[in-house]
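One structure below.
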Amino acid sequence: MDNNIVRLDRLSNPIRTKKLLAEVVEVENGEATNIFLPELVREVNVYAHFTGVTPLEVGDTVLVQKFYSNYIVTNRLHRKDETSEAGIFYIR
666 MDNNIVRLDR LSNPIRTKKL LAEVVEVENG EATNIFLPEL VREVNVYAHF
716 TGVTPLEVGD TVLVQKFYSN YIVTNRLHRK DETSEAGIFY IR
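If you read the sequence shown in this note's numbering, its first letter stands for residue 666, the second for the next number, and so on.
Below is the structure:
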């Protein structure tokens with residue numbers, strides 16, 4: 666029997682992608698519109714957000730995936746005033 670199972674490690678790091686940390690510098694409706702990339706020492710526009718990224722505020726640190734020339738926010742690091750458990754959710 667044939668199947669369509671593909672090893673995830675082959676797809677986990679596509680060519681031309683890179684993961685970066687960034688600081689949110691502009692927000693609209695809880696989503697970042699611009700971020701500052703310390704590695705590049707410049708501000709860039711955000712292309713999209715992953716579903717489930719908690720509402721963002723200016724100054725938040727986010728994990729960003731660069732795909733070609735687009736920057737996609739994948740997650741937010743917890744804030745200094747939050748406990749690490751604040752972002753944990755449970756599946757029932």
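Beta carbons are placed, not taken as given, at the ideal position from N, Cα and C, and that holds for glycine. Source: prediction; values computed, not measured.
Check: Secondary structure of Phe-715, DSSP reduced to three states; Outcome: coil
Check: Other residues of its chain near Asp-692: CB distance less than 8 Å, five sequence neighbours each side excluded; Outcome: Correcting the residue type first, residue 692 is Val in the shown sequence and not Asp. Excluding sequence neighbours, Val-692 sits near Thr-698, Leu-721, Glu-722, Val-723.
Check: Alpha-carbon spacing of Lys-683 relative to Leu-728, whole angstroms; Outcome: 11 Å
Check: Residues bridged to Leu-728 (per DSSP); Outcome: Leu-686, Asn-740
Check: Residues near Thr-739 in its chain [Cβ-Cβ closer than 6 Å; skip 5 each side]; Outcome: Phe-715, Leu-728, Gln-730
Check: Limits of the unbroken beta strand (DSSP E) element including Glu-708; Outcome: 707 to 710
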